[in-house]
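Under this note's numbering, the first residue of the sequence shown carries the number 65, and numbering increases by one thereafter.
No residue lacks a Cβ here, since even glycine has one placed at the ideal position from N, Cα and C.
First comes the structure, then the notes that go with it.
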Amino acid sequence: MREVKWQLFWGWGLISLVYLVGLMSQRQLYLKPIDWNELIGRYFLSQDITNEVNGKRLFLSDSEIHQAAGYLYQHGSDPTKINFQHPPLIKYLYGYSGAGWGNAYVVQAIFGYLLLGLTVYLGYRVYQQALIPIMAGLALALDPLFRVVTTELWLDLGQAVLILLYWLGLMFYPKNFWWHGLVLGCLLGSKFWGSSLFFIGLFGLVLILRHEFNLKNYLKQGLIAIWVLGIIYLPAFIYQGGRFNLIWFQLKLLKYWWQHSVAVSFGAASWLFLTGKVTSWWGNLAMIRPAGWSWLWPVALTLNLFGWTNARRWRQPTLPSLIMIIPGLYLIYLTVQAPFIRYYLTILPFLYLGASEVISHWIRPRTNSRASL
65 MREVKWQLFW GWGLISLVYL VGLMSQRQLY LKPIDWNELI GRYFLSQDIT
115 NEVNGKRLFL SDSEIHQAAG YLYQHGSDPT KINFQHPPLI KYLYGYSGAG
165 WGNAYVVQAI FGYLLLGLTV YLGYRVYQQA LIPIMAGLAL ALDPLFRVVT
215 TELWLDLGQA VLILLYWLGL MFYPKNFWWH GLVLGCLLGS KFWGSSLFFI
265 GLFGLVLILR HEFNLKNYLK QGLIAIWVLG IIYLPAFIYQ GGRFNLIWFQ
315 LKLLKYWWQH SVAVSFGAAS WLFLTGKVTS WWGNLAMIRP AGWSWLWPVA
365 LTLNLFGWTN ARRWRQPTLP SLIMIIPGLY LIYLTVQAPF IRYYLTILPF
415 LYLGASEVIS HWIRPRTNSR ASL
């Protein structure tokens, strides 16, 4: 075990170096101060403003909108009035980072490092060896989409970190319902919770199949999560004189995303994952290739499905089997979603861990992975 920890130590050092080199290549992005007056001026002319604007309508990127929203929250704006479509937690961090550092991209750099660390830690806890988590961590650090999201203020990176934290808590610290509730509340408050519910439901199903589901603890963590979500929306309660209805507002979000995120073409998101191409649903409906796609994705997915079926993993709900099947199940879920490439970030840790396990058996056929967990 001591040898494994030393291997992990040196492997983590290599992963950190790869990540740091990537950050240094984009250092101007993290060091350049933002002209807030100019950004906020453009934001109030952007597509995020639903009423008529005083000037020519501008199109801003999601990064610009999230950064502007975080700044406005930090300066007293109601999170249910400004960029209400997504919960405000991560945008709060963007705002406070902008106020203290002059730049919100530092938050993404930290989230990226956390996601790498959690991926390696998850691999170590599940497989009890160094090779699989190191291979998965390196693959994630070099992944084109991962590198893109660390240079964009997309909420998916923070969401991916919280999903891994939540699963680690459920599987390895099952009695700590306070921690589960805190992370769950932050997860629901970080990005619209549609895709989060997929993972929450799947993790709960696994606990049921493993005869580890504790209804009492689940109810406790649910109540804690609601309180945490309420605290995240505390400014709305204050600005609206206590007349803010949290549950009603979440139903409003559900209605909004039901109307705006359903796939124009059934299965387009899954096709994008497999081929890197998607037909635009605007302009001349041309076939486009979004930045961040990797040919390793369909290869890794094939390895996951091969490992899952070859080892007959469907017969027992082990953690390695869950890791291998999550990417495929998530792609099925995405068949009815709009095809945005950033949606795949949440499954990349599972995708690379499962593929790395298959490869590790080819490299070291007698490796002792804890497949019985």
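Note to self: DSSP three-state label for Gln223, please.
What the structure shows: helix
Margin query: With H, G and I counted as helix, E and B as strand and the rest as coil, what does DSSP make of Leu122?
Written below: strand
Notebook entry, point to check: Just the Cα atoms here: how many angstroms apart are Val213 and Ile79?
Noted result: 17 Å
Checklist line | Pairwise C-alpha distance: Val184 and Thr431 | finding: Because the pLDDT of Thr431 is 45, which lies under 50, any placement of that residue in the model is unreliable, and the number read from its coordinates should be weighed accordingly. Answer to the nearest angstrom: the Cα atoms are 18 Å apart.
Next item on the list: Can you tell me which of the three DSSP states Met65 falls into?
Entry: coil
Notebook entry, point to check: Cβ atoms of Trp231 and Phe267: under 7 Å apart, would you say?
Noted result: yes
Next item on the list: Starting from Asn281, trace the alpha helix (DSSP H) both ways and give me its first and last residue.
Entry: Leu279 to Ile296
Notebook entry, point to check: By Cβ distance, which residues of its chain are closer than 8 Å to Leu234, with the 5 residues on each side in sequence left out?
Noted result: His244, Phe267 and Leu271
Checklist line | 8 Å CB neighbourhood of Asp220 in its chain, flanking five on each side removed | finding: Val213, Lys255, Arg406, Tyr407, Leu409 and Thr410
Check: At which residues does the alpha helix (DSSP H) containing Ala332 begin and terminate?
Finding: Ala332 to Thr339
Notebook entry, point to check: Taking the C-alpha atoms as reference points, what is the distance between Ile113 and Asn147?
Noted result: 8 Å
Check: Which class does Ile352 belong to by DSSP, given the choice of helix, strand or coil?
Finding: strand
Next item on the list: Could you tell me the distance, in whole angstroms, from the CA atom of Ile264 to the CA atom of Phe123?
Entry: 34 Å
Note to self: Beta-carbon within less than 6 Å of Leu365's beta-carbon, same chain only, minus the 5 sequence neighbours each way: which residues are those?
What the structure shows: Pro391
Margin query: Looking at Asn368: is its Cβ nearer than 7 Å to the Cβ of Ala289?
Written below: no
Notebook entry, point to check: Around the C-beta of Ala205, are 16 or more other C-beta atoms found within 10 angstroms, so that it is buried, or is it exposed?
Noted result: buried
Next item on the list: Could you tell me the distance, in whole angstroms, from the CA atom of Gly166 to the CA atom of Gly159?
Entry: 9 Å
Checklist line | Inter-residue spacing [alpha-carbon to alpha-carbon] between Ile296 and Gly134 | finding: 13 Å
Notebook entry, point to check: Exposed or buried, which one is Val85 when buried takes at least 16 other CB atoms within 10 Å?
Noted result: exposed
Margin query: Only counting the same chain, and skipping five residues up and downstream in sequence, which positions put a Cβ closer than 6 Å to that of Gln71?
Written below: Ala194
Next item on the list: Could you check how far apart the C-beta atoms of Val247 and Pro384 are, in whole angstroms? I think they sit under 8 Å.
Entry: Val247 to Pro384, Cβ: 23 Å. No contact.
Next item on the list: Identify every residue that forms a DSSP beta bridge with Thr343.
Entry: Met351
Next item on the list: Would you identify the three-state DSSP class for Gln149, choosing helix, strand or coil?
Entry: coil
Item checked: Reduced DSSP category for Gln401 - H, G, I as helix; E, B as strand; rest coil -> strand
Notebook entry, point to check: Short check: CB of Leu417 to CB of Ala203, under 7 Å?
Noted result: no
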